[in-house]
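Under this note's numbering, the first residue of the sequence shown carries the number 15, and numbering increases by one thereafter. Have a look at the structure below before the remarks.
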Amino acid sequence: MRQGSVLLASLTLVLAAAGCERESRPFQTLQAALTEKPVLSPLAPGGGTPPQSDTSPFQENAWGISEGKRLYNAYNCVGCHANGGGAIGPPLMDDEWIYGSRAANIFETIVEGRPNGMPAFGGKIADAQVWQIVAYVQAMSGNAPIDALPGRSDHMSAGTPENQRRAQKPIPTGRP
């Protein structure tokens, strides 16, 4: 009887481990996506010709979003946008986005800058790192799968940790 229960427990453990799904990291696909730059639109609040790229290569990638969070702090985005709640710069956790919430819009804002305050980081930050920051900024609104959000819960931050926020769909306001 004991041997049967050990066999059953072992079989259950093997089936449970086989059923766990790991994050997919298609590095070849990521490399190809990182070499393509989005077509940038003219600088116009809430409008203009939309860029072609609709997603960041790291959009649902836990490692990419975590790296984006690290880079967001390292490049002092926190200085203007705080921890996403806004300060000198606009908030990044709400549902009002001046220049659009699509990955290409955020990429363009980081690379080209925006009038009245957002500096251009093109040529100063590698494109792969910009895409990681884009993925993190999109995740700040809670619009990333729970298993891709940064796992660390920062209760000392000004805002609710990413993995505990309610999702909010960003809407363009058209206000600079």
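Note that CB positions come from ideal geometry on N, CA and C, so glycine has one too. It should be emphasised that the depicted structure is a prediction, and the values quoted were computed from it without experimental measurement.
Per-residue DSSP class, three states only, for residue i
{"i": "M132", "result": "strand"}
{"i": "E110", "result": "strand"}
{"i": "I124", "result": "helix"}
{"i": "A58", "result": "Legend: pLDDT at A58 = 49, less than 50; position of this residue unreliable, no value from coordinates given."}
{"i": "I3", "result": "Lying before the first or after the last residue shown, residue 3 is absent from the chain, which here runs from 15 to 190."}
{"i": "S115", "result": "coil"}
{"i": "Q146", "result": "helix"}
{"i": "Q152", "result": "helix"}
{"i": "L27", "result": "helix"}
{"i": "Q163", "result": "Looking at the sequence provided, one finds Leu at residue 163 rather than Gln. Three-state result, L163: coil."}
{"i": "Q73", "result": "coil"}
Cβ distance (whole Å) where residue i is taken to contact residue j below 8 Å
{"i": "E74", "j": "A162", "result": "5 Å"}
{"i": "I79", "j": "A153", "result": "5 Å"}
{"i": "E126", "j": "A134", "result": "5 Å"}
Contact under 9 Å by Cβ, residue i with residue j
{"i": "G98", "j": "L106", "result": "yes"}
{"i": "C94", "j": "G136", "result": "no"}
{"i": "Y89", "j": "I139", "result": "yes"}
{"i": "V148", "j": "I112", "result": "no"}
Closest by C-alpha distance to residue i, when choosing among the options
{"i": "P142", "options": "G127, A117, L22", "result": "Note that residue 142 is Ala in the sequence shown here, rather than Pro. Taking only the C-alpha atoms, the option nearest A142 is A117."}
{"i": "P12", "options": "S19, Q146, Q152, N157", "result": "What the structure shows of the chain is the stretch from 15 to 190, and residue 12 is not part of that stretch, so it cannot be assessed."}
{"i": "D109", "options": "V28, L21, N157", "result": "N157"}
{"i": "G100", "options": "E122, S155, P129", "result": "S155"}
{"i": "G159", "options": "W77, P133, P104", "result": "Note that residue 159 is Pro in the sequence shown, not Gly. It is W77."}
{"i": "G114", "options": "L22, V151, S19, S24", "result": "V151"}
{"i": "C91", "options": "V144, L21, P129", "result": "V144"}
Segment limits, alpha helix (DSSP H) that includes residue i
{"i": "R84", "result": "76-88"}
{"i": "C91", "result": "Note, C91: premise wrong, no alpha helix (DSSP H); not H, not E."}
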